[in-house]
Amino acid sequence: MHAFAYKNGSLYCENVKLEDIAKAVGTPVFVYSKKTIADDLAEFRQAMAPLDTHIAYAVKACSNKAILNLMAREGLGFDIVSGGELWRVINAGGDPARCTYAGVAKTEPEIRYALQQGIYCFNCESENELREINRIAGEMGLIAPVAVRVNPHVDAHTHKYITTGTNENKFGIDISRIEEVYATIAAEMPHLRIKGLQMHIGSQLTDIKPFVMAVEKVAPIVRKFKELYQIEFWSIGGGIGIIYDGCLASGQEEWWTAHPEQITITGYAEALIPLLQPLGLKILLEPGRRLVGNAAAMLTTCVYEKKGEAKTFKMIDAGMNDIIRPALYEGYHEIWPVREHCGDTIVADIVGPICESGDFQALNRTMADVKPGEILAEMSAGAYGFSMASTYNSRPLAAEVLVDGDKWSIIRRRQTMEEMVSGECLPE
Ligand code: LLP
329 MHAFAYKNGS LYCENVKLED IAKAVGTPVF VYSKKTIADD LAEFRQAMAP LDTHIAYAVK
389 ACSNKAILNL MAREGLGFDI VSGGELWRVI NAGGDPARCT YAGVAKTEPE IRYALQQGIY
449 CFNCESENEL REINRIAGEM GLIAPVAVRV NPHVDAHTHK YITTGTNENK FGIDISRIEE
509 VYATIAAEMP HLRIKGLQMH IGSQLTDIKP FVMAVEKVAP IVRKFKELYQ IEFWSIGGGI
569 GIIYDGCLAS GQEEWWTAHP EQITITGYAE ALIPLLQPLG LKILLEPGRR LVGNAAAMLT
629 TCVYEKKGEA KTFKMIDAGM NDIIRPALYE GYHEIWPVRE HCGDTIVADI VGPICESGDF
689 QALNRTMADV KPGEILAEMS AGAYGFSMAS TYNSRPLAAE VLVDGDKWSI IRRRQTMEEM
749 VSGECLPE
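Be aware that the sequence shown starts at 329, since it is given in the numbering used here, and climbs by one per residue.
Put into structure tokens, the structure is as follows:
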């Protein structure tokens, strides 16, 4: 359950009126609900409780220091994909010994940094990467903990840019070769210690079946590796989808009833626990979106309206630089006025200020006929929202706010122009 709802005609996050935040901080601003994150995490933990789990929050979903600090205080580990993410985790109070490091192109400085910090495990994606980590660890006089990401060849039926588990993408090592690769590590790479096995088949999965298929397919290999290499964990990745469409319109309870096929945490746990428990291993989970996705809304102001021949446009002060999901993945986000409208609706495109036709947040959307000056809330903006933002078109990065009950705090100041160009200089 998320904590965004209309009360007496105004949209609230927990007990704070969103309009008040927009007035104080300006727009665009991302507003996160601490309660939603805590509730979603508690639900996840409770559902997976029968297993020996280690939850590694996928930092890429939302990497604000305050959010990472919250996760660290909850005792979570972190799934990182760069030296920068490791630095952020440490800077936010997270424990490097609880970090797993994924990614297909780790560089030598990144590998050295991760080894120095004593991370839990490298999740490796190719034989050449394994050889490189082996070489660097040897030079540093260390043994590097490794797992390999197996590509199980299961189609996650999600958007083509966020599916990862088929043999047509760059991730992991094909399931047909994984045993040979582990044998090579054991035989030829003395500075590596095989610690586990990893997989991740895609993101925003709304159906349980691909998860079940992947776990069933890989479980026999996990059993074998436990025997042969005494692996201590199996990471089944992240990927659990969230509700983007309908959560505020109908209320979540009604939405679940109307979408029986949508994955739930309980459904995920009930389907997977019986398959995982008999393995007797630590199960690593790498949720990103599921922990933060529904926990934020981005507030934006309607600046102009334009009625064209064929369409009506509502121009807003947030662009694809602030949230790129609609442009990049045809992502759908609900967009609601912070002051409830009861009158007529219209069909409009909600578009941003950027000089690109792809700069839209919604197309042909049936929506309240908001007027310039009114504030809108783009929902479910917590995951891959701010973390994918850029300063394209020289638009300073938005602000971020964390709500806790009836209090709110700025967790990122709006970027200034000076900060935006800091680091740029004229040639000597
Ligand atoms: N583990 C690995 C190895 C991953 O690559 C990812 C996400 C996760 C865990 C976390 O997945 P989640 O639980 O958040 O689905 N920008 C895209 C999503 C990219 C996901 C990348 N990998 C979007 O906005 O939909």
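Idealized CB from N, CA, C, for every residue including glycine.
Quick one: give me the first and last residue of the beta strand (DSSP E) that residue i is part of.
i      : result
Met626 : Ala624 to Lys635
Arg440 : No beta strand (DSSP E) contains Arg440, which is instead part of the alpha helix (DSSP H) from Glu436 to Gln445.
Gly405 : Gly405 to Ile408
Lys523 : Leu520 to Gln526
Thr640 : Thr640 to Ile644
Lys318 : As displayed, the chain neither begins before 329 nor continues past 756, which places residue 318 out of reach and without an answer.
Leu607 : Here Leu607 belongs to no beta strand (DSSP E), and DSSP marks it neither H nor E.
Tyr572 : Run containing Tyr572: none; DSSP gives neither H nor E here.
Thr428 : Cys427 to Tyr429
Ile739 : Lys735 to Arg740
Cys341 : Ser338 to Cys341
I'd like the span of the alpha helix (DSSP H) that includes residue i, first residue to last.
i      : result
Glu371 : Lys362 to Met376
Arg617 : Arg617 to Val620
Met399 : Lys393 to Arg401
Ala599 : Ile593 to Leu604
Pro480 : From DSSP, Pro480 is part of no alpha helix (DSSP H); its letter is neither H nor E.
Lys388 : First-last for Lys388: undefined, no H or E at that position.
Ala333 : Ala333 -> not in any alpha helix (DSSP H); beta strand (DSSP E) instead, spanning Phe332 to Lys335.
Asn456 : Glu455 to Met468
Ile418 : Gly411 to Asn419
Tyr448 : Careful: Tyr448 lies outside any alpha helix (DSSP H) and carries neither H nor E.
Leu346 : Leu346 to Val353
Arg653 : Arg653 to Tyr657
Tyr489 : No alpha helix (DSSP H) contains Tyr489, which DSSP labels as neither H nor E.
Ala514 : Ile506 to Glu516
Glu747 : Met745 to Val749
Measuring CA to CA, which of the options is closest to residue i?
i      : options                           : result
Ile739 : Thr534, Leu443, Leu398 and Asp697 : Leu398
Ser531 : Leu607, Ile464 and Arg617         : Arg617
Ile678 : Asn462, Glu662 and Cys670         : Glu662
Gly421 : Gly405, Val409 and Ala433         : Gly405
Pro615 : Arg693, Tyr712 and Leu339         : Tyr712
Lys488 : Glu658, Ile461, Thr364 and Lys545 : Glu658
Ile591 : Ile536, Glu598 and Thr435         : Ile536
Asn456 : Ile513, Val482 and Arg426         : Ile513
Gly431 : Phe499, Glu637 and Pro548         : Phe499
Ile526 : Leu379, Ser563 and Val359         : It is Gln, not Ile, that sits at residue 526 in the sequence shown. Answer by Cα proximity: Ser563.
Ile767 : Val478, Thr381, Glu413 and Ala465 : Not covered by the structure: residue 767. The range shown for the chain is 329 to 756.
Asp645 : Ala389, Cys683 and Asn692         : Cys683
Val540 : Asn692, Glu637 and Ala484         : Ala484
Pro424 : Lys434, Gln444 and His528         : Gln444
Gln386 : Ala726, Ile503, Ala442 and Gly566 : This sequence places Ala at residue 386; Gln is not what is there. It is Gly566 whose Cα lies nearest to the Cα of Ala386.
Ala465 : Glu589, Ile652 and Arg521         : Arg521
Met643 : Ile651, Lys634 and Ser750         : Lys634
Arg416 : Leu725, Ile674, Ser715 and Pro755 : Ser715
Phe358 : Ile651, Asp368 and Ala333         : Ile651
- Item | Three or more C-beta pairs below 8 Å linking the segment 697-716 and the segment 660-677 | yes
- Entirely within the segment 537-566 and at least 3 residues each: give me those beta strand (DSSP E) ranges in chain order. 561-563
- Query: Any contact of the segment 524-539 with the segment 565-575, i.e. 3+ C-beta pairs under 8 Å?
  - Reply: yes
- Task: Taking only runs that begin and end inside the segment 660-731, name each unbroken beta strand (DSSP E) of 3 or more residues, in chain order.
- Result: 663-665, 673-679, 688-696 and 703-706
- Message: Three Cβ pairs or more, each shorter than 8 Å: is that satisfied between the segment 616-630 and the segment 447-458?
- Response: no
- the segment 552-569 in contact with the segment 605-614 per 3-pair CB rule at 8 Å: yes
- Taking 8 Å as the threshold, find out whether the segment 361-378 comes into contact with the segment 723-733 through three or more Cβ pairs. yes
- Task: Count the C-beta pairs between the segment 435-445 and the segment 408-423 that are closer than 8 Å, then say yes if the count reaches three, no if not.
- Result: yes
- Is the number of C-beta pairs between the segment 681-695 and the segment 380-395 that are closer than 8 Å three or more? no
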